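Trainee: Got a structure for you, questions after.
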Amino acid sequence: MITRKRLAAGVCGLLAAMTLALAPTPASAGEPDAKSSPKVELTLDVSGSMRARDIDGQSRMAAAKQAFNEVLDAVPDEVQLGIRTLGANYRGEDRKVGCKDTRQLYPVGPLNRTEAKTAVATLSPTGWTPIGPALLGAADDLKGGDASRRIVLITDGEDTCAPLDPCQVARDIAAQGIHLTVDTLGLLPDAKTRNQLSCIAEATGGTYTSVQHTKELRDRVHQLVDRAAHPVVTPVATEGAQQCTDAPKLKPGLYSDREKFAEHRWYRVDVRPGQELRASVSVAADRAVNNDYGVLLRASTVHGREIVRGAEAGDGRTDVISSGLRYPKAQTTASDDDGEPTAETVCLQVSNSFSAPASVKTDPGLPVELTVDLVDGPDDASDAAFFGLGHGWWLLASLALTGLVVGLLWGWLSRWRVTVWRTN
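If you count the sequence shown from 1, you need to add 1 to reach my numbering.
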């Protein structure tokens, strides 16, 4: 009897162990959740101007419907897709009512292609162009989850619902740090529409595309939906401090932040002996700024002594300015209580010298993207960083020594020539 109980207990234990071994393990911190699916919302302008027949002999609305139908057939299975409209319902002249005319035509989720195509087929160009409210609604539709999120805005004109500036709406969305990208497509856009759609896209790290033909529209929307299924690395939102002692401690990775005009922000990185810190920063001008600006990335000790710096200046020709630095930490015998080499806390300072006219809003701050990497330090004497040339002292000393030797040789040769001349 006892033997049978022990055998049964052993079999139960074996089955429990096999169950645990076969059960899926939860994702560890920092790893993507396998169940998270990318989300995309196609936001389509259905205002009255979409009746114009100037795209491949058909109306802009017909071209958009044709492109949508072909895109819906090719949406990857892992993508959750939704459709939102603006200006599709209200036909009246009341601007206040027309500027609220945006609704979700198809909810964000697993795609039923037949239902989505049927919903698109019912659309008819109607009213106003409330781009700002549509962006707010689309951002709300995409809430939840940690996968990539993307709004694809398709319109043939600029927003008609000021003072709600859609460019400012896009900046506010970006400032929330929710990693929501807005891509914009302009159908035969004029200069004002082009500028507004470019501003919306740049504020969120998206792209702007001008479209002249149905095939261009189809290919571009398909490309953006496919990009959501295979996203690039998403920056981690962080917030720099006003001084190093309060700064967030960063590990190797890609980070995003917002920095006011002419502001200094601090971050901290622990660098162990034998490692090399490589850091770079990019600051984007997502609004009208004055020419002549710069960015500084400086590494210093916790006591304020500068280690190395990188700086770059611009003159208004580009919308993004970047700089970087390297700091190799030499090997040492010092160690902590656990026997590990003692790490040095390096303070990273990011500063900018942007300025803007008084009419330009300064909130939220300018987009900042900071990259931090720790690699094995150089062990090759041919590497300039191995000698600490980033500090400037080795270079200065070598130049001074070279000048001294050349001066002595030149003086000796001059005296020898004078002596020979006098003798002869």
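The C-beta atom is built at its ideal place from N, Cα and C for all residues, glycine as well.
As the structure is a computational prediction, the values presented were derived from the model and not from experiment.
(1) If T210 sits next to R228, beta carbons under 8 Å apart, how far is it from one beta carbon to the other, in whole angstroms?
(2) Under the three-state reduction of DSSP, which class applies to D271: helix, strand or coil?
(3) Taking just the CA atoms, how far does C162 sit from D55?
(4) Once you ignore the five residues that flank T208 on each side, which residues in its own chain have a CB closer than 7 Å to its CB?
(5) Taking G93 as the reference, give the member of S48, D57, G110, K250 with the closest Cα.
(6) When you compare only the Cα positions, how much space is there between A192 and S125?
(7) Alpha carbon to alpha carbon, what distance is there between A312 and V373?
(8) Along the chain, where does the alpha helix (DSSP H) that runs through E217 open and close?
(9) Could you give the distance in angstroms between the alpha-carbon of A242 and the alpha-carbon of H304?
(10) On a CA-only basis, which of Q213, V153, W267, L298 is nearest S323? Give me that one, please.
(11) DSSP state of R399, grouped into three classes?
(12) Counting C-beta neighbours from all protein chains within 10 Å, is the total for W417 16 or more, i.e. buried, or is it exposed?
(13) With DSSP as the reference, label I179 as helix, strand or coil.
(14) Nearest-angstrom Cα distance between G187 and Q332?
(15) Could you give the DSSP three-state label for E42: helix, strand or coil?
(16) Please classify E240: does DSSP put it in a helix, a strand, or coil?
(17) Can you name the residues that DSSP bridges to I174?
(18) Out of Q59, V290, D95, state which residue places its alpha-carbon closest to the alpha-carbon of P358.
(19) Using DSSP with H/G/I as helix, E/B as strand and the rest coil, what is G83?
(20) Would DSSP call G88 helix, strand or coil?
(21) Just to confirm the assignment, what range does the alpha helix (DSSP H) spanning V1 have?
(22) On the DSSP letters alone, give me the boundaries of the beta strand (DSSP E) that Q350 sits inside.
(23) Does the beta-carbon distance from T156 to I132 come in below 8 Å?
(24) Going by Cα to Cα distance, which pick from L112, S283, A248 is closest to L255?
(25) Where does D74 fall in DSSP's three states?
(26) Around the Cβ of I84, are there at least 16 other Cβ atoms within 10 angstroms (buried) or fewer (exposed)?
(27) Are there 16 or more other CB atoms within 10 angstroms of the CB of L397, so buried, or fewer, so exposed?
(28) If you drop the 5 nearest sequence neighbours on each side, which residues of the same chain put their C-beta closer than 6 Å to that of V121?
(29) Measure how close the beta-carbons of L251 and R279 come, nearest whole angstrom, since I'm counting them as under 8 Å.
(30) Would you mind reading off the limits of the beta strand (DSSP E) that contains A312?
(31) Once the 5 residues before and after G317 are set aside, which same chain residues still bring their CB inside 6 Å of it?
(32) Within the chosen definition, does the region 57-66 reach the region 93-106 through at least 3 CB pairs nearer than 8 Å?
Mentor: Once the coordinates are examined:
(1) Sequence index remark: in the sequence shown, residue 210 carries index 209 (1-based). Sequence index remark: in the sequence shown, residue 228 carries index 227 (1-based). The Cβ separation is near 13 Å, so there is no contact.
(2) Locating residue 271 in the sequence shown gives position 270, where the first residue counts as 1. In the structure shown, D271 sits in a strand (DSSP, three-state: E or B).
(3) Locating residue 55 in the sequence shown gives position 54, counting from the first residue. Locating residue 162 in the sequence shown gives position 161, counting from the first residue. D55 and C162: Cα-Cα distance of roughly 25 Å.
(4) In the sequence shown, counting from the first residue as 1, residue 208 sits at position 207. Hits under 7 Å: D184, A202.
(5) The sequence position of residue 93 within the sequence shown is 92, counting from 1. The option with the nearest alpha carbon to G93 is S48.
(6) Translated into the one-based positions of the sequence shown, residue 192 becomes position 191. Translated into the one-based positions of the sequence shown, residue 125 becomes position 124. Their backbone Cα atoms lie some 26 Å apart in a straight line.
(7) As a first step, residue 373 is located in the sequence shown; it is residue number 372 there, counting from the start. As a first step, residue 312 is located in the sequence shown; it is residue number 311 there, counting from the start. Going from the Cα of V373 to the Cα of A312 covers about 16 Å.
(8) Working through the sequence shown from its first residue, we reach residue 217 at position 216. Taken as a continuous stretch (DSSP letters only), the alpha helix (DSSP H) holding E217 covers 215-230.
(9) As a working mapping, residue 242 is identified with position 241 in the sequence shown. As a working mapping, residue 304 is identified with position 303 in the sequence shown. Distance between the alpha carbons of A242 and H304 is about 16 Å.
(10) Working through the sequence shown from its first residue, we reach residue 323 at position 322. Here the closest residue by C-alpha is L298.
(11) Against the sequence shown, residue 399 aligns to sequence position 398. According to the sequence shown, residue 399 is Ser rather than Arg. Reduced to three states, the DSSP call for S399 is helix.
(12) Taking the sequence shown and counting its residues from 1, the one referred to as residue 417 is at position 416. Looking at its Cβ environment, which holds fewer than 16 other Cβ atoms inside 10 Å, W417 is exposed.
(13) Your numbering for residue 179 matches position 178 in the sequence shown. Three-state DSSP puts I179 in coil, outside helix and strand.
(14) Within the sequence shown, numbered from 1, the residue matching residue 187 stands at position 186. Within the sequence shown, numbered from 1, the residue matching residue 332 stands at position 331. Their backbone Cα atoms lie some 56 Å apart in a straight line.
(15) Numbered from 1 along the sequence shown, position 41 holds the residue referred to as residue 42. It is a strand residue.
(16) Sequence index remark: in the sequence shown, residue 240 carries index 239 (1-based). Looking at E240 - three-state DSSP - the assignment turns out to be coil, as it is neither helix nor strand.
(17) Residue mapping note: residue 174 aligns to position 173 of the sequence shown, counting from 1. In the DSSP output, where bridge partners are listed per residue, I174 has none listed.
(18) Against the sequence shown, residue 358 aligns to sequence position 357. Among Q59, V290, D95, the Cα nearest to that of P358 belongs to V290.
(19) In the sequence shown, counting from the first residue as 1, residue 83 sits at position 82. Of the three classes helix, strand and coil, the one that applies to G83 here is strand, per DSSP.
(20) To locate residue 88, count along the sequence shown from 1; it is residue 87. Reduced to three states, the DSSP call for G88 is coil.
(21) Because the chain here runs from 2 to 425, residue 1 falls outside it and cannot be looked at.
(22) Numbered from its first residue, the sequence shown carries residue 350 at position 349. Element bounds for Q350: 345-353.
(23) Within the sequence shown, the letter at position 155 stands for residue 156. Within the sequence shown, the letter at position 131 stands for residue 132. Result yes, Cβ atoms of T156 and I132 sit closer than 8 Å.
(24) Looking up residue 255 in the sequence shown gives position 254. Per the Cα distances, S283.
(25) Here residue 74 is taken as the residue at index 73 of the sequence shown, counted from 1. Three-state result, D74: helix.
(26) Sequence index remark: in the sequence shown, residue 84 carries index 83 (1-based). Buried.
(27) By one-based count along the sequence shown, residue 397 stands at place 396. Exposed, since its Cβ has fewer than 16 Cβ neighbours within 10 Å.
(28) To locate residue 121, count along the sequence shown from 1; it is residue 120. K66, F69.
(29) Residue numbering aside, residue 251 sits at position 250 when the sequence shown is read from its first letter. Residue numbering aside, residue 279 sits at position 278 when the sequence shown is read from its first letter. Not really, about 13 Å apart at Cβ, beyond 8 Å.
(30) As a working mapping, residue 312 is identified with position 311 in the sequence shown. Looking at the DSSP string, the run of the beta strand (DSSP E) that includes A312 is 307-315.
(31) Here residue 317 is taken as the residue at index 316 of the sequence shown, counted from 1. Around G317: N292.
(32) no
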